[in-house]
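Participant:
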Amino acid sequence: MPKVIPVSDELSQPFWDAVNQRRLALQYCTACQKLQYPPQAACQVCGSADRLEWRDVEGKGHIATYIVIEDGRLNRRMPDQPYNLALVTLDEDPTVNFYSNLPGVPAYQAPVGAAVELTFEEVAPGQLIHEWQVVK
Amino acid sequence: MTSSNDFRWRRDTDGLGVWEHRGKVAIAGYGHSPVDRRWDGVNLDATVGAYTMLAIERALEQAGVTIDQVDGIVCCDSHIAGGSGGSASQWAPRPYFDPPYDTEYGLTLVNAQWLINTMGFKNVRFAPTGVPTIGEMMGMASQAVGDGVCNTCLVIYPTGNLEGRYRRGGENADDYARGARQWTVPWGNHGGNDFINIFPHNQYCLKYGGEHDDLAPFVINQHKNGMLTPWGFNYNNGIEPISVEDYRTSRYILNPLRIWDCDRPVNASAAYLFTTAERARDMKSQPVYVLNHSQHNFRFRTTQPDLDEVEMWTDRQAARMYEGAGLGPADVDIFNPYDGYSIMTQFFLEGFQWHGVKRGDAFAFYAGDISVKGPHPFSSSGGNLGNGRTRTAMYTDSIEQLRGTAGDRQVTVRAETALCAFTTPSSGGWLMLGKHPS
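Chains R and E supply the protein sequences, listed in that same order. The opening residue of the first sequence carries number 200 in the numbering used here; numbering runs sequentially from there. The opening residue of the second sequence carries number 22 in the numbering used here; numbering runs sequentially from there.
1) Which word fits Asn138(E), buried or exposed, when buried means at least 16 other C-beta atoms lie within 10 angstroms of its C-beta?
2) Find the residues of chain R that neighbour Phe220(E), judging by a C-beta separation of less than 8 Å, and give them in chain order.
3) Using a C-beta to C-beta distance shorter than 7 Å, which residues of chain R count as neighbours of Trp208(E)?
4) Would you please state the rounded distance, in angstroms, between the beta carbons of Val311(R) and Val333(R)? I believe it to be under 8 Å.
5) By the 8 Å beta-carbon criterion, what residues does the stretch 319 to 331 of chain E contribute toward chain R?
6) Give every residue of the same chain whose Cβ lies closer than 7 Å to the Cβ of Leu317(R), excluding the five residues on either side of it in the sequence, and list them in chain order.
7) Is the stretch 177 to 195 of chain E close to the stretch 58 to 71 of chain E, with three or more CB pairs under 8 Å?
8) Using a Cβ cut-off of 7 Å, which residues of the stretch 218 to 246 of chain R contact any Cβ in chain E, in chain order?
9) At which residues does the alpha helix (DSSP H) containing Pro293(R) begin and terminate?
10) Which residues of chain E have a Cβ atom closer than 8 Å to the Cβ of Glu269(R), listed in chain order?
11) Thr294(R) CB to nearest chain E CB: under 9 Å?
12) Which same chain residues, not among the five before or five after His211(E), have their C-beta less than 7 Å away from its C-beta?
13) Look at the alpha carbon of Gly209(E) and the alpha carbon of Asp270(R), and state the distance between them as a whole number of angstroms.
14) Are Tyr225(E) and Cys283(E) closer than 9 Å when you measure CB to CB?
15) For a contact defined as C-beta to C-beta under 7 Å, what are the partners of Tyr197(E) on chain R?
16) What is the DSSP secondary structure of Arg269(E), reduced to helix, strand or coil?
17) Below 8 Å on C-beta distance, what does Arg189(E) contact in chain R?
18) When the Cβ atoms of the stretch 239 to 250 of chain E are set against those of the stretch 403 to 418 of chain E, are three or more pairs found closer than 8 Å?
19) At 7 Å on the CB atoms, spell out the chain R contacts of Trp204(E), in chain order.
20) Does the beta carbon of Val311(R) come closer than 9 Å to any beta carbon on chain E?
21) Evaluate the contact criterion for the stretch 429 to 446 of chain E versus the stretch 291 to 301 of chain E: three or more CB pairs, one atom per stretch, below 8 Å.
22) DSSP on His53(E), reduced to helix/strand/coil?
23) Check for me: the beta strand (DSSP E) holding Gly260(R) runs from which residue to which?
24) Compute the Euclidean distance between the alpha carbons of Thr129(E) and Glu266(E), then round it to the nearest angstrom.
25) Could you work out which residues of chain E lie near Val322(R), taking near to mean beta carbons separated by less than 7 Å?
26) Can you list, in chain order, the residues of its chain with a C-beta nearer than 6 Å to that of Gly107(E)? Leave out the 5 residues immediately preceding and following it.
27) Got a sec? Which residues, its chain only, sit under 8 Å from Val287(R) by beta carbon, not counting five neighbours each side?
28) By the criterion of Cβ-Cβ separation under 7 Å, what are the contact partners of Leu130(E) in chain R?
29) List the endpoints of the continuous alpha helix (DSSP H) containing Leu81(E).
30) Since Glu192(E) is in the alpha helix (DSSP H), which residue starts that stretch and which ends it?
31) In whole angstroms, what separates the C-alpha of Leu370(E) from that of Pro358(E)?
32) Can you give the Cα-Cα distance for Pro251(E) and Arg276(R), rounded to whole angstroms?
33) For Tyr236(R), I'd like the list of residues in its chain whose CB is within less than 6 Å of its CB, leaving aside the five on either flank, ordered along the chain.
34) For a cutoff of 9 Å on Cβ pairs, would you count His211(E) as touching chain R?
35) So, does the stretch 314 to 323 of chain E touch the stretch 146 to 166 of chain E, judging by three or more C-beta pairs under 8 Å?
36) By DSSP's criteria, Lys233(R) is part of a beta bridge. Which residues make up the other side?
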């Protein structure tokens with residue numbers, strides 16, 4: 200399953216560094232006490248840049264809903280079709296969500312509402328991405 | 022040229038009150054080109070540039086205005102993919118032709134400067150660059166005329182489409198995901214309003230009950246309305262109406278999103294002539310009046326908008342529009358929201374509470390009589406699903422309904438106000454039109 204490889208930039212480098220260490224670290228605004236993902240230059244609630252810090256999160260979530268990509272446009276993922284694309288909400292803050300292909304779950308069989316936990320997948324030598332797997 | 026950023030025209034915040042130019046700006050004419058599925062890369066009479074010039078000529082003719090009287094041109098230079106198409110939407114480079122087709126402009130792109138040079142406009146004083154898509158352009162022109170930045174302003178929206186599968190090149194062929202794509206593409210989301218809206222749509226079905234196929238009556242009705250629209254793709258290309266069975270057995274794109282939930286990219290252009298209400302009264306055709314325009318560009322709070330966000334956004338859009346127009350849901354006769362993907366239209370219908378439809382009621386509403394001759398002629402244009410991805414059907418139908426010139430599509434209910442848009446739940450703009458200035 201050759202996934203497209205993320206390219207970090209100045210803003211996202213700490214995030215991907217953590218992922219490559221098998222950690223999920225999100226921005227956290229100490230003024231708003233709010234997690235933020237994907238990373239942004241400033242807190243999207245209060246606009247503060249200097250109150251943002253990186254904070255590890257536990258990596259527990261739930262499947263809110265999902266679709267099955269049957270005719271997508273990404274050349275690299277064509278051989279994978281059909282495949283699940285789930286929307287996973289973070290238990291620590293359900294307004295933060297992530298995409299997941301739900302490794303191990305056959306297409307069309309994603310259990311909506313089920314608990315998931317963080318895992319990691321190597322998409323290129325030395326480059327991991329964060330994924331979510333159903334809690335057995 | 023003036024940049025769109027140089028002129029403060031947006032009405033994109035809450036609580037702005039009634040629009041100061043309400044009823045003082047009018048649309049005096051429109052013109053459509055033929056609508057083809059694609060440009061063949063050869064026929065110079067069917068380029069998006071040639072089609073744009075034709076649409077302009079028709080708009081001017083309808084209004085009884087000459088080229089020399091035009092002093093404003095608002096033209097979006099993006100082709101079919103719009104501002105969000107990215108590099109994947111570029112087909113160039115290609116072999117070019119003699120002027121004016123010696124660059125990409127005129128072939129798959131059009132902008133104000135190319136039109137000024139090619140058509141010989143002499144008195145244009147407002148021709149902004151960096152123009153957004155038509156959902157916002159209509160508001161930009163309205164404000165420009167109202168503020169006196171220009172007096173006789175063309176709004177032009179070209180949509181080019183060439184051979185080949187849509188957006189299969191460029192960054193979608195890349196092994197790497199850069200910029201904002203690093204948060205979506207590794208898992209398969211290459212971007213677009215299909216992805217943005219399918220998840221909230223699924224949540225909608227879970228929250229309120231119902232299933233995806235409950236969209237079938239709406240999609241089918243869009244096709245029916247399209248067959249009544251002489252300037253649309255379906256009408257001119259013999260597209261047969263679809264049945265419930267056709268819909269339910271059509272192939273999936275992003276399951277549960279089907280091919281018939283998606284509009285059809287086309288090669289076409291349209292033009293609208295805006296002027297002051299005072300001038301419009303003396304023009305050749307019956308004017309319709311702009312009662313308000315509004316825009317929005319809501320920021321995603323995380324990776325993927327959810328149903329709560331989408332409902333909040335559309336509630337705010339409705340509040341802004343109704344406040345600025347000095348009208349409420351019961352005052353809106355014609356309602357032409359955007360339907361480029363069928364899965365987003367219920368959010369607008371319920372947010373604006375057209376014909377009393379509240380949150381969670383859309384599927385039941387679709388199952389009723391929404392035909393143009395019935396009591397609830399929803400999306401009488403046929404939208405993009407019924408006419409192809411021109412993104413202009415909503416506007417032209419609204420004008421025709423208010424004028425009483427919609428032919429077989431003419432509604433039988435009152436038609437004195439019309440609300441129309443090219444917008445997604447997160448970004449775009451709305452336009453309220455009136456048969457009368459107040």
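Positions of the beta carbon are idealized from the N, C-alpha and C atoms, including for glycine.
Facilitator: Quick look at the numbers:
1) By 1-based counting over the second sequence, the position of residue 138(E) is 117. With fewer than 16 Cβ atoms within 10 Å of its Cβ, Asn138(E) is classed as exposed.
2) In the second sequence, counting from the first residue as 1, residue 220(E) sits at position 199. Against Phe220(E), the close residues of chain R are Ala263, Thr264, Ile266 and Leu286, in the order they occur along the chain (beta-carbon pairs closer than 8 Å).
3) As a working note, residue 208(E) is residue 187 in the second sequence. Per Cβ cutoff of 7 Å: Leu284, Tyr298, Ser299 and Asn300.
4) By one-based count along the first sequence, residue 311(R) stands at place 112. By one-based count along the first sequence, residue 333(R) stands at place 134. Not really, about 11 Å apart at Cβ, beyond 8 Å.
5) For the stretch 319 to 331 of chain E, the set of positions with a beta-carbon nearer than 8 Å to some beta-carbon of chain R reads Arg320, Arg322, Thr323, Thr324, Gln325 and Asp327 in chain order.
6) Start at 1 with the first residue of the first sequence, and residue 317(R) comes out as number 118. Around Leu317(R): Leu223, Gly258, His329 and Trp331.
7) With a cut-off of 8 Å, the stretch 58 to 71 of chain E and the stretch 177 to 195 of chain E count as touching, because enough Cβ pairs lie within range.
8) Considering only beta carbons, the part of the stretch 218 to 246 of chain R lying closer than 7 Å to chain E consists of Tyr236, Pro237 and Gln243, in chain order.
9) Residue mapping note: residue 293(R) aligns to position 94 of the first sequence, counting from 1. Unbroken run through Pro293(R) is the beta strand (DSSP E), Asp292 to Ser299; no alpha helix (DSSP H).
10) As a first step, residue 269(R) must be located in the first sequence, where it is residue number 70. Contact annotation for Glu269(R) against chain E: Arg272, Tyr273, Ile274, Leu275 and Asn276 [CB-CB distance below 8 Å, chain order].
11) Position 95 of the first sequence, counting from 1, holds the residue named residue 294(R). So, interface residue.
12) Taking the first residue of the second sequence as position 1, residue 211(E) is located at position 190. Within the same chain, Asn193 come within 7 Å of His211(E) by CB-CB distance, once the 5 residues on both sides are set aside.
13) Residue 209(E) sits at position 188 when you count from the first residue of the second sequence. Residue 270(R) sits at position 71 when you count from the first residue of the first sequence. For Gly209(E) and Asp270(R), the distance between alpha carbons rounds to 11 Å.
14) If you number the second sequence from 1, residue 225(E) lands on position 204. If you number the second sequence from 1, residue 283(E) lands on position 262. No; because the gap between Cβ atoms is not below 9 Å, this pair is not in contact.
15) Reading the second sequence from its first residue, position 176 is the one you call residue 197(E). For Tyr197(E), the chain R residues whose Cβ falls inside 7 Å of its Cβ are Val203, Ile204 and Val206, in order along the chain.
16) One-based indexing of the second sequence puts residue 269(E) at position 248. Arg269(E) falls in the helix class under three-state DSSP.
17) Reading the second sequence from its first residue, position 168 is the one you call residue 189(E). Under the 8 Å cutoff, chain R gives Arg272 and Asn274.
18) Cβ pair count under 8 Å is three or more, so yes.
19) The residue given as residue 204(E) occupies position 183 in the second sequence. The answer, in chain order, is Pro237.
20) Translated into the one-based positions of the first sequence, residue 311(R) becomes position 112. Taking a beta-carbon distance threshold of 9 Å, Val311(R) counts as an interface residue toward chain E.
21) Too few Cβ pairs lie closer than 8 Å, so no.
22) The count along the second sequence starts at 1 and reaches residue 53(E) at position 32. Note: His53(E) maps to strand in three-state DSSP.
23) Counted from its first residue, the first sequence places residue 260(R) at position 61. Run containing Gly260(R): Lys259 to Ile268, per the beta strand (DSSP E) assignment.
24) Against the second sequence, residue 129(E) aligns to sequence position 108. Against the second sequence, residue 266(E) aligns to sequence position 245. For Thr129(E) and Glu266(E), the distance between alpha carbons rounds to 36 Å.
25) Looking up residue 322(R) in the first sequence gives position 123. Within 7 Å Cβ-Cβ: Pro207.
26) Counting from 1 along the second sequence, the entry for residue 107(E) is found at position 86. Summary for Gly107(E): the model assigns pLDDT 48, below 50, so the residue's position carries little reliability, and this model does not support an answer.
27) Looking up residue 287(R) in the first sequence gives position 88. In chain order, Gly260, His261, Ile262, Ala263, Asn296, Phe297, Tyr298, Ser299, Val315 and Trp331 place their CB closer than 8 Å to the CB of Val287(R), counting only its own chain and leaving out the 5 sequence neighbours on each side.
28) Along the second sequence, read from residue 1 onward, the residue named residue 130(E) stands at position 109. Result: empty, since nearest Cβ-Cβ is about 21 Å, beyond 7 Å.
29) Residue numbering aside, residue 81(E) sits at position 60 when the second sequence is read from its first letter. Looking at the DSSP string, the run of the alpha helix (DSSP H) that includes Leu81(E) is Val69 to Ala84.
30) Locating residue 192(E) in the second sequence gives position 171, where the first residue counts as 1. Careful: Glu192(E) lies outside any alpha helix (DSSP H) and carries neither H nor E.
31) In the second sequence, counting from the first residue as 1, residue 370(E) sits at position 349. In the second sequence, counting from the first residue as 1, residue 358(E) sits at position 337. Going by the C-alpha atoms only, they are around 8 Å apart.
32) Position 230 of the second sequence holds residue 251(E). Position 77 of the first sequence holds residue 276(R). Pro251(E) and Arg276(R): Cα-Cα distance of roughly 40 Å.
33) Here residue 236(R) corresponds to residue number 37 of the first sequence, with the count starting at 1. Answer for Tyr236(R): Leu225 and Val295, listed in chain order.
34) On the second sequence, position 190 is the one that residue 211(E) refers to. His211(E) has a beta carbon lying within less than 9 Å of a beta carbon in chain R.
35) Contact between the stretch 314 to 323 of chain E and the stretch 146 to 166 of chain E is present, because at least three Cβ pairs lie under 8 Å.
36) Within the first sequence, numbered from 1, the residue matching residue 233(R) stands at position 34. Answer by DSSP bridge pairing, in chain order: Cys228(R).
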